[in-house]
Amino acid sequence: MPTPKVPQIIKDDLWKNNPVTVQILGICSTLAVTNIFLNTMIMGLGLIFVTSFSALTISLIRRIIPERVRMMVQVLVISSFVVIVDISLKSTVPEISRALGPYVGLIITNCIIMGRMEAFASNQPPGLSFLDGLMSGVGYAWILLVIAFFRELLGFGTVLGRQVMDPLMRAVGVSEGWTQWSFMIMAPGGFFMLAAFIWIANNLSVSRVRHLK
Amino acid sequence: MINLSPWVIFFASIFTGNILLTYFLGMCSFLSVSRQINTALGLGLAVTFVLTLTAALNHVIYFRLLEPMGLEYLRYIVFIVVIAATVQFIEMVVERYSEALYINLGIFLPLITVNCAILGVSLFMVIRRYTFIQSVFFGAGSGLGWLLAILAMAGIREKLKEERIPSALRGPGIALIITGIMAMAFVGFSGIVQIQ
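Protein chains in written order, with the working numbering: chain A, 27 to 239; chain D, 3 to 198.
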C-alpha cells in the first residue's frame, strides 16, 4: 500500500471522503448530543483525542499484533482511551459529563474509529496514522458542530447558551420575540438536520464535479 | 425508578423511548441493512437476542462484581469484551447446531458487536440502576423496538426504489428524512408513559 501524502490525508478526511457526509459512519454516538453546542464540542474533543491516540497506538504496535486478534486489540485500545476521556470529563466538567450520560462510553462503538484503524493505522507509519486519526476526528466533529449550532439556535434561540434570536426578532419588529422550535431539540430534529446537511454537501460536491468537467 | 414494573419498562423501551428513534443508537447498521425486509428481520431478531442476553450478563457482572470492588471505571472495557465474547459464542453454537439459522443469522453476528445499541443498553441500565428483571425486560424491549424500526424502514425503502428522488438525497439522505418522520410518529407515543 503506497504511503499517502499529508495534504491528501487532510483534504480527504475533512471534506472529500468525510466520514459523516460521504460514508455515513459513526453518527450513533454523537447525534444524540447535538441539541446543545457546548456538549457537542466536549464530545467532539473527546472523540478527536480517542481517534488520534488510538491510531497512534495501533500503528506503533501494528507489527506485533497477531492477525487473528486484531479487532479485539483495537477495541481494547480504543476503550482504554475512552476510559481516560470519561474520567477526565468527570473530574473537570462534572455537569456536562452527567448530561452526556452513556454517550461518552459509546465512542467505543463509533464505527469511524474502528474504520480508520482497519483502513489506515494498521498498515501505515505512526506519524501519518496520528494525523489521519486527528483529521478524521476533526472532519467528524466540525459537521456535528454545524448541526449542533443550528439545532441550538433554532431550538433554544441561543448560541453557546446566550440568547441571540430573541433580541434579533424584537429588533426587526416582532413584538413577541423568538418562538422556540422545540421540535429541533427533540430527536426528529436531529435526523432532519443531518439529512439537510448531507443534501447540501452532496449538491456542492456534484456541482464541483460538473465544474471540473 | 426502582419500583417501575418491568412491563412498563418493556413497553416504554419499544415505543416512547425507542432505542433508535429517540436515542439514535444503532444507526450504522440501521442505515446499511434496511434495504430488504428479510435481512432486516434477521438482523433485528439477532440484535434482540444478543441485547437481552448481554443486558442480563452485564447486569450481574457490574452490580455483583465491578461495583462491590470499586472498579466502576472499567465498565466500558468489561462490557465490550462481554458483548464480543457473547456474539462469538452464539456464532459458534449456531454454526454447530443449526445450519439453516447460521445461514440466515450468521452473517449479521459480526455486525452486532459494533452495534452501539447493545453497548448503549448496558450503559443506560447502569445509569438508571435497573434491577435484574428490569434490565432483562429493558434489553428485550429495546431489541424489539429496534426490530420494529428497522422493519418499518425496510418496508418503506422497498417501496422507495421506484420513486424519483433528487440525486443528492439518494441513499442515506432520504433514509434519514424517513427516520425523522418515523421518529416524529413515535414522539406521539410519549404521552402514554415516560421512563428516564
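A virtual CB, placed ideally from N, CA and C, is assigned to each residue, including glycine. In this text, all values refer to a predicted model and were calculated from it rather than measured experimentally.
For M212 of chain A, there is no enclosing alpha helix (DSSP H), as DSSP marks it with neither H nor E. Here the alpha carbons of I63 of chain D and Q189 of chain A stand approximately 45 Å from one another. Minimum Cα-Cα distance from G173 of chain D among the listed residues D:P112, D:A185, D:R159 and D:M184 corresponds to D:R159. Listed by position along chain A, the residues whose Cβ is nearer than 8 Å to that of Y75 of chain D are V109, D112 and I113. Counting C-beta pairs closer than 8 Å gives fewer than three between the region 76 to 86 of chain D and the region 177 to 196 of chain D, which falls short of the contact rule.
As the crow flies, the alpha-carbon of Y25 of chain D is around 31 Å from that of M71 of chain D. For R188 of chain A, the three-state secondary structure derived from DSSP is strand.
Under the three-pair Cβ rule at 8 Å, the region 124 to 131 of chain A does not count as touching the region 28 to 40 of chain A.
At a Cβ-Cβ threshold of 8 Å, L126 of chain A and M219 of chain A do not count as neighbours. With contacts defined as CB atoms closer than 8 Å, T47 of chain A and L170 of chain A fail to qualify as a contacting pair. Per DSSP, E74 of chain D is not a residue of any alpha helix (DSSP H), being assigned neither H nor E. Chain-ordered, the chain A residues with CB closer than 7 Å to the CB of V189 of chain D read M212 and P214. R77 of chain D counts as buried, since at least 16 other C-beta atoms from the protein chains shown sit within 10 angstroms of its C-beta. Across the set D:A57, D:G19 and D:S137, the C-alpha of D:G19 shows the shortest separation from the C-alpha of L150 of chain D. Put simply, the backbone Cα of R196 of chain A is about 36 Å away from that of I53 of chain A. For D112 of chain A, the uninterrupted alpha helix (DSSP H) segment begins and ends at R96 to T118. 8 Å or more divides the Cβ of A81 of chain A from the Cβ of F182 of chain A.
Bounds of the alpha helix (DSSP H) holding G159 of chain A are P152 to F182.
Counting other Cβ atoms within 10 Å of its Cβ, I173 of chain A reaches 16 or more and is therefore classed as buried. For A221 of chain A, the neighbours in chain D by C-beta distance under 7 Å run, in chain order, G175, L178, I179 and G182. Those residues of the region 14 to 27 of chain D placed with their C-beta closer than 8 Å to a C-beta in chain A are L23, T24, Y25, F26 and L27, ordered along the chain.
Contact annotation, L40 of chain A with M161 of chain A: C-beta distance approximately 6 Å; criterion of less than 8 Å satisfied.
For I120 of chain D, the closest of D:C30, D:L6 and D:S7 by C-alpha to C-alpha distance is D:C30.
As the crow flies, the alpha-carbon of F139 of chain D is around 5 Å from that of F12 of chain D. Boundaries of the alpha helix (DSSP H) harbouring A42 of chain D: I39 to V62, taken from the DSSP string. Not a single C-beta of chain A is nearer than 8 Å to the C-beta of G72 of chain D. Contact between L146 of chain D and T41 of chain D is ruled out by a C-beta separation of about 18 Å, above the 8 Å threshold.
Using a Cβ-Cβ cut-off of 8 Å, L57 of chain A counts as an interface residue toward chain D, since at least one Cβ of chain D sits closer than that to its own. Chain-ordered, the chain A residues with CB closer than 7 Å to the CB of G122 of chain D read P128 and L132. Bounds of the alpha helix (DSSP H) holding V138 of chain D are F134 to L162. For Q90 of chain D, the secondary structure class from DSSP, reduced to helix, strand or coil, is helix.
Judged by DSSP in its simplified three-state form, V83 of chain D adopts helix. For V128 of chain D, the uninterrupted alpha helix (DSSP H) run begins and ends at C118 to R130, by DSSP.
Counting of Cβ neighbours within 10 angstroms places Q38 of chain D among the exposed residues, the total staying below 16. M29 of chain D has a beta carbon lying within less than 8 Å of a beta carbon in chain A. A direct Cα-Cα distance of roughly 13 Å separates I105 of chain D from P112 of chain D.
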